[in-house]
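If you're matching them up, the sequences are chains A and B in order. Sequence positions in the first sequence follow the numbering used here and run 401 to 689. Sequence positions in the second sequence follow the numbering used here and run 56 to 368. Everything on this sheet refers to the single structure shown next.
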Amino acid sequence: MKNNKDQLSSGITSKKEKTMNIIVFILLALGAVVMVFPFFYMVMTSFMTKNQYLSGQLRVIPDPWVWGKYSEVMAKGNFISGILNTVKVEIPVLLIGGFTSSLAAFAFAKMEFRGKGAIFMGLLATIMIPFAVIMIPQYVMFTKFGWTDTLLPLIIPPCFGNISMVFFLRQNLTSIPNDLMDAAKLDGCGYFRTFAQIFFPLMKGAVGTQLTLWFMAIWNDYLAPTIFLRSEANWTLQVVIRSFNTYYSIQSDYALIMAASVIAMLPTIALFFCFQRVIIESVAISGIK
Amino acid sequence: MDSRKGKKQKINLSAMAKREERWGLLFVAAPALGFLIFMLYPIIFAILTSLTTWNGAKGFQGMMDRFCGFDNYVKLFADKKFWQTLVTTIIYLLGIPIGMILGLLCAMGMNRKIPGVRVLRTMYYVPVISSLVSVSILWAWVYNYDYGLLNTIIKTLTGLHGPNWLGDEALIKVSMIIFMVWKGLGTSIILYLAGLQNIPRSYYEAAMVDGASGWQKFKSITLPLLSPVTFYILVTTLIGGFQVFVEVQVMTPSGNGGIGYSAATIVFYLYQKAFESYQLGYASTIAVILAIIIFIITLINFVGQNKWVKTMD
Chain A
401 MKNNKDQLSS GITSKKEKTM NIIVFILLAL GAVVMVFPFF YMVMTSFMTK NQYLSGQLRV
461 IPDPWVWGKY SEVMAKGNFI SGILNTVKVE IPVLLIGGFT SSLAAFAFAK MEFRGKGAIF
521 MGLLATIMIP FAVIMIPQYV MFTKFGWTDT LLPLIIPPCF GNISMVFFLR QNLTSIPNDL
581 MDAAKLDGCG YFRTFAQIFF PLMKGAVGTQ LTLWFMAIWN DYLAPTIFLR SEANWTLQVV
641 IRSFNTYYSI QSDYALIMAA SVIAMLPTIA LFFCFQRVII ESVAISGIK
Chain B
56 MDSRKGKKQK INLSAMAKRE ERWGLLFVAA PALGFLIFML YPIIFAILTS LTTWNGAKGF
116 QGMMDRFCGF DNYVKLFADK KFWQTLVTTI IYLLGIPIGM ILGLLCAMGM NRKIPGVRVL
176 RTMYYVPVIS SLVSVSILWA WVYNYDYGLL NTIIKTLTGL HGPNWLGDEA LIKVSMIIFM
236 VWKGLGTSII LYLAGLQNIP RSYYEAAMVD GASGWQKFKS ITLPLLSPVT FYILVTTLIG
296 GFQVFVEVQV MTPSGNGGIG YSAATIVFYL YQKAFESYQL GYASTIAVIL AIIIFIITLI
356 NFVGQNKWVK TMD
């Protein structure tokens, strides 16, 4: 099919078409440079001396290279504890929330029960509800529970499941034939075992993609942590680098701020580069479905 | 004999169906409970709170003691700051069509036979997956009046001092829009590119046989067949556009919403009312209005969907 297409189009490709392609390529490449140049400048700034980046002259390459800012960032107690706090949120949420989401997706896709449609639609509608609308009541509720200024408000609610993950996995499961389900039933295989031993292995890839996206979302989350965490020792990474920005920009220590931001961005960017094909696919599918 | 067997099977089936029902409900119990506790209850609570002048003290009784009916709504209607932040939020939405047009153009370019499409796509997508706090910090540095990258480039090229990107009431809005378009462009490119690749080539070939021009093909094949994608991008970015907060707090000096509150959005105002001045009642009123706005947008979109979204069949 693909070959066929290629042959067809290469047959049509005219000289005019070819020049057009070159122009398009140059424009897109220029645009791409504009897109990533701020990141390049960010990394470069983190290696510059204060004199250089405050010189007001366009010199993008550090001269001389200063390597110390990264160890300086790591030596700030806040920074390491910020990373640890974020990890402390990530692990239980991804494990428990990933489990509850997959299980619910399985039930929505492959099982029959009354109220299924209504429950699913109800859950789906919550995607529309902005966090800003419910953050005050949540704050009041978590204060009452004694959870504020602990990581619990960031951990417990998502453990109940992530609706977009449920939605995506359900979509993914519809491509698996129902025969498997019927066969399992005939063999007297329990529902949980059917999920754990037959369907979960089949949806592992999709679960992995969703967990990767979820990891990034938790890593980058800022609004909820700023509301629920008061004392510095409990801050997650994003809250810490925001405070770095407030504190060190007064001293014009932009190299330090940029170094902190670079480290904070590395995990998500690394994950993206490793799994970009599946990540982009799952984003693209959401628009077509 | 036969009928008895049939009856027995029926009983078995319904017992099995009951069992399936129990397990099914159990499996979806966690998200359903999460929805009730962390979504539905808070929404009802927010509506209730919006009818009070509660400041968080003395628990539920304290809240009901401060019941004030619809006073907050009347007050909000006359609140200049509320209108200002609402208008700013809407101005920021101008970035949506800009991003969509740019995204479509880039996607159409990438849909041609050019080298390195995957690398290009990745480069445009990096801002999307980057932490919003980090890139807001980065752009605050790029926009810096005296030493930022942008003004350094302007000075090198023209010899003049560039404008104060984040220090001017009108310009800060432009700066924020540029930033938001940069941050979100990758998503619309990927969605449009997937949409374009979904359009059967035969449509264009048929149009070519009919002697259609490039513009005609674009207008009567590409655009209509991309309308589901356009619709999806519009709905998601509109909902997201009403929730802009982080970039305002991080990019305005000392997180004050900019000079004369010029960069502040409706969620930023809500945040300040709730967590800086502890006017939980009033802030909840803003939250309820925000929910209503988003609900109306979604409703209009879904009603309009049938009208202007065309599908392949």
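In this text, a Cβ means the ideal position worked out from N, Cα and C, and glycines have one as well. If you're wondering where the values come from, they're calculated on a predicted model, not measured in any experiment.
When DSSP labels each residue in this structure, what does residue i get in the three-state scheme?
| i | result |
| --- | --- |
| A:Asn-403 | Because A:Asn-403 sits at a pLDDT of 45, beneath the cut-off of 50, its placement in the model cannot be relied upon, and the point is left open. |
| B:Lys-60 | With a pLDDT of only 47 at B:Lys-60, under the threshold of 50, the placement of this residue in the model should not be trusted; the figure read from the coordinates follows. In this structure, B:Lys-60 counts as helix in the three-state DSSP scheme. |
| B:Phe-122 | strand |
| B:Thr-107 | strand |
| A:Gly-477 | helix |
| A:Pro-462 | coil |
| B:Pro-283 | helix |
| B:Trp-194 | helix |
| B:Val-83 | coil |
| A:Phe-673 | helix |
| B:Val-299 | coil |
| A:Phe-513 | coil |
| A:Gly-482 | helix |
| A:Ser-410 | Because the pLDDT of A:Ser-410 is 47, which lies under 50, any placement of that residue in the model is unreliable, and the number read from its coordinates should be weighed accordingly. It is helical. |
| B:Ala-162 | helix |
| B:His-128 | The residue asked about is misnamed: residue 128 of chain B is Tyr in this sequence, not His. Helix at B:Tyr-128. |
| A:Phe-568 | helix |
| B:Ala-112 | coil |
| A:Phe-560 | coil |
| A:Tyr-470 | helix |
| B:Tyr-200 | coil |
| B:Tyr-333 | coil |
| A:Thr-500 | helix |
| A:Asp-549 | coil |
| A:Val-443 | helix |
| B:Trp-220 | coil |
| A:Ile-576 | coil |
List, in order along the chain, the chain C residues whose C-beta lies closer than 9 angstroms to that of residue i?
| i | result |
| --- | --- |
| A:Arg-630 | Annotation note: the requested chain C is absent from the structure, which comprises protein chains A and B. |
Less than 7 angstroms separating the beta-carbons of residue i and residue j?
| i | j | result |
| --- | --- | --- |
| B:Val-301 | A:Tyr-648 | no |
| A:Leu-586 | A:Gly-498 | no |
| A:Ala-624 | B:Ser-189 | no |
| B:Ile-321 | B:Leu-141 | yes |
| B:Tyr-287 | B:Ile-244 | no |
| A:Met-511 | B:Gly-89 | no |
| A:Ile-563 | A:Leu-523 | yes |
| A:Ala-507 | B:Val-83 | yes |
| A:Thr-636 | A:Asn-478 | no |
| A:Met-444 | A:Val-460 | yes |
| A:Ala-505 | A:Val-566 | yes |
| B:Ile-352 | B:Val-236 | no |
| B:Thr-292 | B:Asn-127 | no |
| B:Met-131 | B:Phe-125 | Looking at the sequence provided, one finds Leu at residue 131 of chain B rather than Met. Not closer than 7 angstroms, so no. |
| B:Ile-192 | A:Asn-620 | no |
| A:Gly-561 | B:Ala-112 | no |
| A:Thr-574 | A:Ala-509 | yes |
| B:Val-284 | B:Leu-248 | no |
Can you tell me where the alpha helix (DSSP H) with residue i in it begins and where it stops?
| i | result |
| --- | --- |
| B:Ile-169 | That residue, B:Ile-169, is in no alpha helix (DSSP H); it is neither H nor E in DSSP. |
| A:Asn-354 | Chain A is shown from 401 up to 689; residue 354 of chain A falls before or after that span and cannot be answered. |
| B:Tyr-326 | 321-330 |
| B:Gly-250 | 226-252 |
| A:Tyr-539 | 531-545 |
| A:Met-448 | No alpha helix (DSSP H) holds A:Met-448; DSSP gives it neither H nor E. |
| A:Ile-641 | 637-650 |
| B:Ser-257 | 256-264 |
| A:Thr-626 | 623-628 |
| B:Gln-139 | 135-147 |
| B:Phe-93 | Counting along the chain, B:Phe-93 falls outside any alpha helix (DSSP H), and DSSP gives it neither H nor E. |
| B:Asn-206 | 204-213 |
| A:Asp-582 | 579-586 |
| B:Lys-272 | 269-272 |
Regarding residue i and the ligand MG, is the C-beta to nearest heavy atom distance less than 6 angstroms?
| i | result |
| --- | --- |
| A:Tyr-539 | The ligand MG is not part of this structure, which contains no ligands at all. |
**Prompt:** Touch check for the stretch 336-347 of chain B and the stretch 553-562 of chain A: three-plus C-beta pairs under 8 angstroms?
**Reply:** no
**Prompt:** So does the stretch 193-211 of chain B actually touch the stretch 441-461 of chain A, counting three or more Cβ pairs closer than 8 angstroms?
**Reply:** yes
**Asked** Three or more beta-carbon pairs under 8 angstroms between the stretch 536-548 of chain A and the stretch 66-81 of chain B, yes or no?
**Response** no
**Item:** Segment contact flag, the stretch 217-232 of chain B with the stretch 650-660 of chain A, C-beta cutoff 8 angstroms, min 3 pairs
**Value:** no
**Request:** Examine the Cβ distances between the stretch 167-187 of chain B and the stretch 329-339 of chain B and report whether three or more of them are shorter than 8 angstroms.
**Result:** no
**Message:** When you compare the stretch 105-115 of chain B with the stretch 247-257 of chain B, are there three or more beta-carbon pairs, one atom per stretch, that lie closer than 8 angstroms?
**Reply:** no
**Item:** Given 8 angstroms, three or more beta-carbon pairs between the stretch 674-684 of chain A and the stretch 466-482 of chain A
**Value:** no
**Asked** Are the stretch 416-428 of chain A and the stretch 159-175 of chain B touching, with three or more C-beta to C-beta distances below 8 angstroms?
**Response** yes
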